[in-house]
Structures are given as structure tokens and as C-alpha cells.
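My numbering applies: residue 1011 is where the sequence shown begins, and numbers increase by one.
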Amino acid sequence: MAARPDPKLTAQPLASFAENPQPPVERIPVQAPDADVRPKVLMAPAAANYLQGGKRPATSSVLISSSKHLNDPYYRDAVAQQATRRHGHDLPPPYMIPVVSRAITETTDFARVAELLAAEKIRIPALGEWLDAREDWTFNKADLAGCAEGTLGREIFDLMNIPGVNMEFAYAGKANTTDAEYLQRRRGYYHDIEHIVTGFDANSAGEAALAIMNATQDARFFTPELAQYLSAPGMWVSALGLFRNALHYHHVMPTYFDATRQGIAAGQAIRQPMFLVRWIDYVDWQLDDIAAHLGFKRGPGRDWGWTTDATMD
């Protein structure tokens, strides 16, 4: 038998490709301005019929689906707009959040959520203790003024000194009458703290990374039905943000893919759900020490700050 050739000697050399040219390369026109260069046939009827199984949806005088989310007009609007919109300077990037918040509320069976939480309180005693305690502590600047540089307390103190910042803005004054309401309120209050601790700053890529980190940890620690409820806002932010940027701001996609990767890795590594962390006990800890204690690697901090302007028109 003839000796097999050394693959290192026979392999074809690989071409060298430059990554993500900046600025974009100059466009070269190849057709007359009024030429119709669209594909003449998008898909052969036989191929479309194969993919659709030869079936057609039921007809009705109104839109109807087996998905309660598709049936809800606020959900349709929130998903369609978030996935396909551009970010302009006329409206802020979070403009659609009140719409998706209403959509989630309208499509959620809160009696079922109460049952799920009650079962999880038994399965996860730490969750039950946290929900039953109903702690409602908040930070104030006077208590944090003496915290050392690099600590959680100093970062929260600096955040609270930014004009207009209110960590409780969405839930201030609301009563915690049910477990679900308490959980929602505390997660809202912790959001800015989570940005600080994770190193996924409050910029476009950082929001996506934190959202997918929370969705990943929810899927790890809780039953699927409860995790779906808990992660709905985060998946709306992360998944639709990726799609929107793929449509309009593809120059940031390498960073967004990296942000998604880091967020998933952090969610897979963290030792407990972040919303169970009693952050007030960590005000004198360095941020890297908090992350190491919880088991995950921090993100790049302010290094993704450019993505906010880069995804705006």
C-alpha cells in the first residue's frame, strides 16, 4: 500500500481575509440606475409547497392563531417594531418598553404564575425565604459616600449622582401585594446594580449582554414554565436587538455576537440567580471580587459604550 501523503504538504493554502472593514468599502455600481436587478423568481412554487407541507392556514374574518402572543395586538406591535425599527434621535431607544410591558401583562396568566412561584418556593428554599421576607431596602447616597474606589458602593454612589437617575423610577410607590409583584419590583430596582456588577454597562451591547445573561440563568435555575415568564423581557431585548442590528447596523454585529456570547457564559457560570443576591451586603467589595464570588467573569465595562451611538441614525 502506498504511503499516505502528509496532509500538511497537500492542503491548499487558505486565503487571508481582512475583518469588518472600517469605514465601509466604496460601493461600485454595476447596473444602470433604472435597471431591475431583483431576482425574477424568489422561490419555485414546488419548493414553497414542500416547505409549507402543502397546507394553508385557516381563514377567518379576524387574525387568529394558536399563539396568545400573536393574537395580542400589543405583542405584535412590540415585536415587529423592536425587530425592524431603526433607532432615531426623535425617540429614545427604550421607547417600546411600555408597549411590551403591557403585552406581557395582557398575555400572562398571573394565577398560574402564583402557582409556579409557590411550587418553586418549596423546591428552592432560598427563593422562598427571599420572597417571604419582603425586604424593601434601598440605597441612599449618605450611606455610600465613604465607600472606596472600585467598590460596589462607590459605583452606586456615582450612579446616584448622575442628574435624572432614579433606580426606582418604574416601581416607586407600588405595593408588593403578591410574590410576582415583589419579584418584578426588586428585579427592576436591581437592574442598574446588575449593570455595574456584571461589567455589562448600560449601553446598547451591554443591555443585550445583561438581558441574555438573566434569561440564561432563569433557564438554568427555574422550571421551564416559570423561566419563560421571568425571561420574557430579557429575550425581547436581546433577541430582537440582534435582529434589528442585523438589518440596519451590521457593522456592530461582531461586538453584539461577542456580547451575546459573554452574557450566555456569565449566565451559565453564575452560582445563583442575581436577583437573590443581597447587594447591600456587598457595598464594600471590589467588583471583580463580587463577580468571582458569584462565579462569573465580568464584561468589558465602558468599552462597549460606542455601540449606542453606532446603532443610532
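For each residue, glycine too, the CB sits at the ideal point set by N, CA and C.
Here the structure is a predicted model, which means the values were calculated and not measured.
Item, Value
"From L1193 to L1127, what distance separates their C-alpha atoms?", "10 Å"
"Look at S1248 and A1218 and say whether their C-beta atoms are less than 8 Å apart.", "yes"
"Determine the DSSP secondary structure at F1210, reduced to helix, strand or coil.", "strand"
"Taking contact to mean at least 3 C-beta pairs separated by less than 8 Å, is the region 1114-1121 in contact with the region 1258-1265?", "no"
"Give me, in chain order, the residues of the same chain whose beta-carbon lies closer than 7 Å to that of R1096; leave out the 5 immediate sequence neighbours on both sides.", "H1258, D1323"
"Please confirm whether V1089 and L1250 have their CB atoms less than 8 Å apart.", "yes"
"Could you pull the start and end residues of the alpha helix (DSSP H) that W1316 belongs to?", "1316-1320"
"According to DSSP, simplified to helix, strand and coil, what is G1311?", "strand"
"With burial defined as no fewer than 16 other Cβ atoms inside 10 Å of the residue's Cβ, what is the status of L1073: buried or exposed?", "exposed"
"T1161 bridges to which residues according to DSSP?", "Q1296"
"If you measure from the CB of A1068, is any heavy atom of the ligand HEM nearer than 7 Å?", "As for the ligand HEM, it is missing from this structure, which has no ligand bound."
"Whose C-beta lies closer than 7 Å to the C-beta of D1298 among residues of the same chain, with five residues either side of it excluded?", "R1308"
"Let me know the secondary structure DSSP gives P1102 once reduced to three states.", "coil"
"Assuming M1284 contacts Q1227 (C-beta within less than 8 Å), just tell me the rounded distance between them.", "7 Å"
"Do you know whose CA, among N1150, V1109, T1187, A1190, lies nearest V1175's CA?", "N1150"
"Enumerate in chain order the residues of its own chain whose CB-to-CB distance from G1273 is below 6 Å, with the five nearest sequence positions on each side excluded.", "A1219, I1222, M1223"
"Check whether the Cβ atoms of D1211 and R1312 sit closer than 8 Å, and answer yes or no.", "yes"
"Just reading off the alpha helix (DSSP H) that E1125 is part of, what are its end residues?", "1120-1133"
"Between G976 and the rest of its own chain, which residues show a CB-CB distance below 6 Å, the 5 nearest in sequence each way excluded?", "Residue 976 lies beyond the residue range present for the chain, which begins at 1011 and ends at 1323; the question has no answer from this structure."
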